[in-house]
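First residue of the sequence shown: 86, per our numbering; consecutive thereafter.
Backbone N, C-alpha and C define an ideal beta-carbon position, used for all residues, glycine too.
Just so it is clear, the structure is predicted and the values come from calculations on it, not from any experiment.
What follows is a short report on a single structure.
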Amino acid sequence: PASVPAEDDALAASIARNGPVVLAANIEYRETAAARQWMRVDPLPRLQRAGALPGLASVELDRDGVLRRFPQSPQALWRQVLLQLERQQPGVAAQRQALPGQRIRYLSAEPPFTRISYYRLLEPDRYLAPGWREQLRDNVVLVGRSGKAATEIGAAQSDLFLTPFFGRSGEMTPGVEIHANLIANMVEGQTLQPLAAAWVWWLLLGQALLISLVLPQWRPLLSGLMVGGLMLAVGGLAFVLFRTGWWLAVGQAMLAPLLAYVAQGGQAYFQEQARKREIRRAFEHYVSPAVVEQIVANPMLLRLGGERCELTVLFTDLAGFTQIAETMPSEAVAELLNRHLADMTEIVIRHGGTVDKFIGDSVMAFWGAPIADPRQAEHALAAALDMQAAMQALHDDVLLLGGPELRIRIGLHRGECVVGNLGGEKRFSYTAVGDSVNLASRLEGVNKVYGTTILLSGEVAAALDLPEVRLRQVDIVRVVGKTQAIAIYTPCADPHLRAMTEVAFRVYLRGEVEPALLAWRTLQTQYLADTVADVFLARLTRWRDEGLPAGWDGVSNLQSK
């Protein structure tokens with residue numbers, strides 16, 4: 086939100102009167118037409134002049150998305166808070182420096198910090214017990230929002246973090262409680278230091294030697310019990326080390342006995358069955374049952390890595406969803422989004438496609454992999470038409486709840502992509518990447534320019550070999566970031582409208598402004614609500630006054646997605 090000078094002045098006066106205060110700074114990614122860069126965003130200068138000290142609130146996640154490590158920045162928020170605390174109460178912090186690789190020692194799934202909701206402080210005499218001021222005096226007070234209660238989905242997710250307690254509690258931790266743990270760790274001197282790599286290697290070698298001595302031959306039950314006992318011992322060692330301030334990666338420490346057991350006891354039959362179950366579990370919600378069975382029968386289709394394939398890619402976007410997210414309760418928004426995504430997924434699967442991913446309220450799907458589909462363009466277009474039909478029920482229900490108009494915009498493009506299990510051995514996903522994927526996404530956005538709901542490229546149109554499919558050419562465009570022009574079409578069941586569009590577009594391509602204006606006006610007199618005609622009439626009217634653009638070749642260069 087925009088800064089309000091009066092409110093900023095009031096906050097600055099409060100800081101000057103009640104300091105010391107540390108305000109959060111952040112490192113944010115900014116993307117403009119001229120540059121893409123990471124920028125530091127500091128508190129307002131007037132707040133800093135009032136005495137506020139900026140503290141960098143940014144944190145670094147591990148590769149699995151869990152927040153474990155202490156921020157190392159010299160201006161980290163926890164450092165700045167401790168600096169102010171030391172000035173007020175010298176010697177109160179048991180530890181002030183974080184060693185490289187140092188881990189956060191989370192106090193519990195529910196940290197023992199006093200929490201006071203903001204509405205209580207707005208009316209303390211009504212909601213707080215007497216003596217609350219004395220309770221807060223000479224303490225570190227962190228002010229922040231609990232993302233669990235945020236009504237904006239994006240804002241909630243941006244300040245919630247996975248911690249090692251997530252598996253137990255099932256809840257992410259708000260950023261303000263993360264920083265509370267950081268400060269408490271330092272005040273109490275209860276941080277976690279990773280065990281030196283040399284000790285970890287000695288532990289692995291010792292386990293390997295022990296296993297080679299006691300398990301010369303693999304016996305399912307005996308070997309399993311011995312290896313399980315060894316793994317429990319390693320877990321116990323990790324617990325003891327944890328209690329004394331040392332952190333041992335339990336998974337890594339248990340690697341030696343686990344690998345030994347798999348190496349000695351990995352029978353081909355069980356490995357094959359486990360692989361089939363994993364494949365079926367991973368794909369049954371994203372592709373049709375027939376495709377799942379083919380993948381299970383031939384797992385090599387899903388080997389790590391990608392291959393070039395001709396795919397038809399579909400992108401959707403739910404127009405009006407942002408307004409819903411701003412006006413409806415978060416529970417209703419989540420229910421609505423789940424219903425929409427479930428409906429779209431069912432349609433994709435029914436037409437033999439693969440759901441690649443969900444991006445907010447958007448869906449990316451493709452046809453032609455992992456199983457080749459010679460009719461992929463036909464199936465993708467049929468899915469797009471069914472999606473439009475399915476949206477009507479959702480649209481009507483939202484209107485009954487007093488919500489805004491909902492429409493789904495869809496872009497389709499066919500071209501060469503790299504598709505496969507992309508990522509690493511431990512973390513990967515089956516996905517498609519490439520210029521054709523980007524172009525399909527752009528076409529979804531181009532719908533906003535012409536007022537259409539489905540746009541497909543000329544490559545998709547050329548692959549449709551069905552007489553009952555009727556398409557209306559919309560334009561020839563060059564989207565942002567692309568040099569090659571493409572023809573775009575939209576489904577149209579009205580033969581008269583298609584014929585009039587063909588005539589008007591043919592005149593337009595010859596650069597004959599006045600005849601083209603007449604043709605498009607004639608079309609609009611019969612189809613008053615035609616948004617495509619509106620675009621061409623506005624464009625031709627401007628050219629009649631200003632002349633054709635220099636070097637015009639019949640291609641419309643779009644300035645935005």
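Give me the Cα-Cα distance between V466 and T537, rounded to the nearest whole angstrom.
-> Sequence check: residue 466 is Leu here, not Val. C-alpha separation (whole angstroms): 15 Å.
Per DSSP, what kind of secondary structure is W332 in: helix, strand or coil?
-> strand
Where do the N-terminal and C-terminal ends of the beta strand (DSSP E) with I571 fall, by residue?
-> I571 to P576
Sequence-distant residues of the same chain with beta carbon closer than 7 Å to V166, five excluded per side = V107, G140, V225 and I268
How should F324 be labelled, buried or exposed, when 16 other C-beta atoms within 10 angstroms of its C-beta is the threshold for buried?
-> exposed
Would you kindly work out how many angstroms separate the C-alpha atoms of E116 and W123, rounded to a whole number?
-> 9 Å
Nearest to L399 by alpha carbon, out of A341, A110, P414 and M472?
-> M472
Taking the Cβ atom as the reference point for each residue, do V418 and A427 lie within a distance shorter than 7 Å?
-> no
Length of the line joining the Cα atoms of A281 and I112 | 31 Å
Closest residue to V144 among V562, R222, Y114 and F155 (Cα-Cα distance) | F155
Tell me which same chain residues have a C-beta within less than 7 Å of the C-beta of V151, skipping the five on either side of it?
-> L247, T248 and P249
Tell whether a beta-carbon distance below 7 Å holds between L396 and G453.
-> yes
Going by alpha carbons, who is nearest to S231 out of Y203, L213, S254 and R253?
-> Y203
Separation of L497 from L541, as counted between CA atoms = 5 Å
Going by CA-CA distance only, name the one from V504, A468 and Q408 that's closest to C394.
-> V504
Segment limits, alpha helix (DSSP H) that includes N111 = Here N111 belongs to no alpha helix (DSSP H); instead the beta strand (DSSP E) covers V107 to E116.
Under the rule that 16 or more other beta-carbon atoms within 10 Å means buried, what is A517, buried or exposed?
-> buried
Determine the contact status of R468 and G445, defining contact as a CB-CB distance below 7 Å.
-> For the sequence presented, residue 468 should be read as Ala rather than Arg. For A468 and G445, no; Cβs fall outside 7 Å.
Leaving out the 5 sequence neighbours to the left and right, which residues in its chain are closer than 6 Å to V261 when beta-carbon positions are compared?
-> L227 and G229
Following the continuous beta strand (DSSP E) through S521, name the residue where it begins and the one where it ends.
-> Where S521 is concerned, there is no enclosing beta strand (DSSP E), although the alpha helix (DSSP H) it sits in stretches over D520 to Y535.
DSSP state of D223 mapped onto helix, strand, coil | coil
Please classify W163: is it buried, with 16 or more other beta-carbons within 10 angstroms of its beta-carbon, or exposed?
-> buried
Residue ranges of each alpha helix (DSSP H) run of no fewer than 4 residues wholly in the segment 559 to 626, ordered along the chain?
-> 580 to 594 and 598 to 611
Which residue from P600, F621 and Q157 puts its Cα closest to that of Q187?
-> Q157
Whole-angstrom C-beta distance between T401 and S447, which should lie under 8 Å | 6 Å
Inter-residue spacing [alpha-carbon to alpha-carbon] between A109 and A178 = 21 Å
Assuming P279 and W217 form a contact by the criterion Cβ under 8 Å, report the distance between their Cβ atoms to the nearest whole angstrom.
-> With 8 Å as the limit, P279 and W217 do not qualify as a contact, their Cβ atoms being about 40 Å apart.
Apart from the five residues on each side of it in sequence, which residues of its chain come closer than 6 Å, Cβ to Cβ, to D127?
-> A110 and P139
Under the rule that 16 or more other beta-carbon atoms within 10 Å means buried, what is Y574, buried or exposed?
-> buried
Local Cβ density within 10 Å of A57, reported as buried at 16 or more and exposed below that = No answer is possible for residue 57: it lies beyond the span of the chain, which begins at 86 and ends at 646.
Count the other CB atoms, across all protein chains shown, that sit within 10 Å of the CB of H581; report buried if there are 16 or more and exposed otherwise.
-> exposed
Enclosing alpha helix (DSSP H) for G543 [first to last residue] | G543 to A548
Can you grab the Cα-Cα spacing for the pair P455 / E431, in whole Å?
-> 18 Å
Could you give the distance in angstroms between the alpha-carbon of E544 and the alpha-carbon of S254?
-> 49 Å
Of the listed residues F251, A462 and S514, nearest to K442 (C-alpha basis) = S514
Can you tell me whether DSSP reads Y204 as helix, strand or coil?
-> helix
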